[in-house]
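Inspection log for the structure reproduced underneath, given as C-alpha cells.
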Amino acid sequence: MRVFLLIFIVFSLCSCQPQSHDHTLRISATNWLGYTPLFYAKEKGSLDLIDIKLINVVSLSENMYLFKAGNSDAFCGTQYELSILKTQLPNVVPIMLFDRSNGGDMVMSNHSITELQNSTSEVDAYLEMDSINFTVLNDFIRKFNIDESRINYIDRDQSAISSLTNNEPNKQILIVTYMPYDSKLKNNGFKEIISTKNGLDLLVIDALFTRTEELIAHKAQFIALKKLVDEAIASLHSDPKEFYETIKPYFTGLTYEDFVTELHDIEWINKELEDALELRLQESDFSTKELI
Numbered sequence: 508m509r510v511f512l513l514i515f516i517v518f519s520l521c522s523c524q525p526q527s528h529d530h531t532l533r534i535s536a537t538n539w540l541g542y543t544p545l546f547y548a549k550e551k552g553s554l555d556l557i558d559i560k561l562i563n564v565v566s567l568s569e570n571m572y573l574f575k576a577g578n579s580d581a582f583c584g585t586q587y588e589l590s591i592l593k594t595q596l597p598n599v600v601p602i603m604l605f606d607r608s609n610g611g612d613m614v615m616s617n618h619s620i621t622e623l624q625n626s627t628s629e630v631d632a633y634l635e636m637d638s639i640n641f642t643v644l645n646d647f648i649r650k651f652n653i654d655e656s657r658i659n660y661i662d663r664d665q666s667a668i669s670s671l672t673n674n675e676p677n678k679q680i681l682i683v684t685y686m687p688y689d690s691k692l693k694n695n696g697f698k699e700i701i702s703t704k705n706g707l708d709l710l711v712i713d714a715l716f717t718r719t720e721e722l723i724a725h726k727a728q729f730i731a732l733k734k735l736v737d738e739a740i741a742s743l744h745s746d747p748k749e750f751y752e753t754i755k756p757y758f759t760g761l762t763y764e765d766f767v768t769e770l771h772d773i774e775w776i777n778k779e780l781e782d783a784l785e786l787r788l789q790e791s792d793f794s795t796k797e798l799i
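This is the structure in C-alpha cells:
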C-alpha cells in the first residue's frame, strides 16, 4: 500500500508541474551518517520507484566537482560547499535539510592541544581542502593560537585519511575528519581533541542542494524523496538494528554499537526548524525559502 501511495503522489504532482522531468534524477552523497536515510531508501528499492539514482562518492570535494560538471543533478553537502559553488553557480539552492553536526565533525591528533601549542615543530594536517574540513581546521588553529606557518596542509579524501596510522608518535599530526571515519582512526592511535560538540563554535548543516531549474523540473521527485527521508528517519528511531543492517554495506568496519554511539553526534533537522536555528542560518546567508 505504501509503495502504491508513493507512486500515486509522484504522478499526481507531476501532472501539476509546468514541466515534468525528462531524465533520471542523479543525487551524489558521501558516506556521512546524516545521509543514511538516502542509503536506506536506496536499499529498500524506493528510489527506483521515483526514478532517482544515488551516486556514492569518496570525498566532499569530489561531490562538489561532480555537481559542477553536470554529472549529478543534486548533491548532499554542507553550507561551506554551497558558499564555494555560489560564486560560480548563483542559482544553487538548499532544498532539503538532513542534520546538524553535534560532534560529528572533529579534529584528531596524536598529540594534545597543549603539546601542539607549546611546540614549534611542523604539523602535518590531513584534510579535504575544498570542504568544511578547511574551515574546521582554521577555526581550530585560530582558537588555540597555533602558528599557521607550521601547518603543512595535505589534501586527501577521507578514505585515505582513515588509513593513517600513528607509527611516528614524535611527529605531530592533525586530522580533520567526520563520522564514521573517526572510529578507524581511534583504533589507529589518534584521539579526538576538539569537535562541533566540544570546543568548536561552528554551525555545520548537512543538506541537499540543486539548481533552481532542476528543482522546478523535478519538484515531484524531490517532494517524494523528502517523504522517503522522513520515513527512513522514523524507521531508524523505531528499529535502529534493522536500519543498521540495511545500510551497513556503505560503512565497512562500523559495528552496530559504534553506529548507535555516533548517532548521538548528529541532530536530525528534517522536521520543522527551531526559530533560533533558522535565524542563525539566515545570518549565514543560508536561504530557507526553497526548503521542502
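Using our numbering, read the sequence shown as starting at 508 and increasing by one per residue. C-beta atoms are modelled at their ideal positions from N, C-alpha and C, and glycine is treated no differently.
>> Rounded to whole angstroms, what is the Cα-Cα separation between E655 and T627?
In response: 11 Å
>> Quick check: I799 and F729, are their CB atoms within less than 8 Å of each other?
In response: yes
> From V548 to N677, what does the alpha carbon distance come to, in whole angstroms?
Replying inline: The question names Val, yet the displayed sequence has Ala at residue 548. Answer to the nearest angstrom: the Cα atoms are 45 Å apart.
> Going by Cα to Cα distance, which pick from Q679, L554, T585 is closest to S568?
Replying inline: T585
>> By DSSP's criteria, K698 is part of a beta bridge. Which residues make up the other side?
In response: S616
> For F651, which residues of its own chain have a beta-carbon under 8 Å away from its beta-carbon, when the five flanking residues on both sides are left out?
Replying inline: I620, L623, Q624
>> At the level of alpha carbons, what is the spacing between I682 and S638?
In response: 14 Å
> Is M636 helix, strand or coil when you go by DSSP?
Replying inline: coil
> When DSSP labels each residue in this structure, what does N659 get in the three-state scheme?
Replying inline: strand
> Under 8 Å between the Cβ atoms of M615 and D689?
Replying inline: yes
> Along the chain, which unbroken stretches of the beta strand (DSSP E) at least 3 residues long are found entirely within the stretch 711 to 776?
Replying inline: 712 to 718, 773 to 775
> Where does I723 land, buried or exposed, given buried means 16+ other C-beta within 10 angstroms?
Replying inline: exposed
>> Can you tell me whether Q789 is buried or exposed? The criterion is at least 16 other CB atoms within 10 Å of its CB, across all chains shown.
In response: exposed
> Rounded to a whole number of angstroms, what is the C-alpha to C-alpha distance between L634 and Y660?
Replying inline: 7 Å
> Where does F560 sit, in a helix, a strand or coil, going by DSSP?
Replying inline: Residue 560 is actually Lys in this sequence, not Phe. If DSSP states are grouped into helix, strand and coil, K560 belongs with the strands.
>> On the CB-based measure, 16 or more other CB atoms within 10 Å of its CB, does E721 come out buried or exposed?
In response: buried
> How would you label K693, buried or exposed, when you count the other beta carbons within 10 angstroms and need 16 or more for buried?
Replying inline: exposed
>> The alpha helix (DSSP H) that contains L567, what's its start and end?
In response: 567 to 575
> What span of residues does the beta strand (DSSP E) with D792 cover, start to end?
Replying inline: Note, D792: premise wrong, no beta strand (DSSP E); not H, not E.
> Do P687 and E774 have their CB atoms nearer than 8 Å?
Replying inline: no
> Is the CB-CB distance between L617 and G696 below 8 Å?
Replying inline: Checking the sequence, you will find Asn at residue 617 rather than Leu. Yes. Within cutoff.
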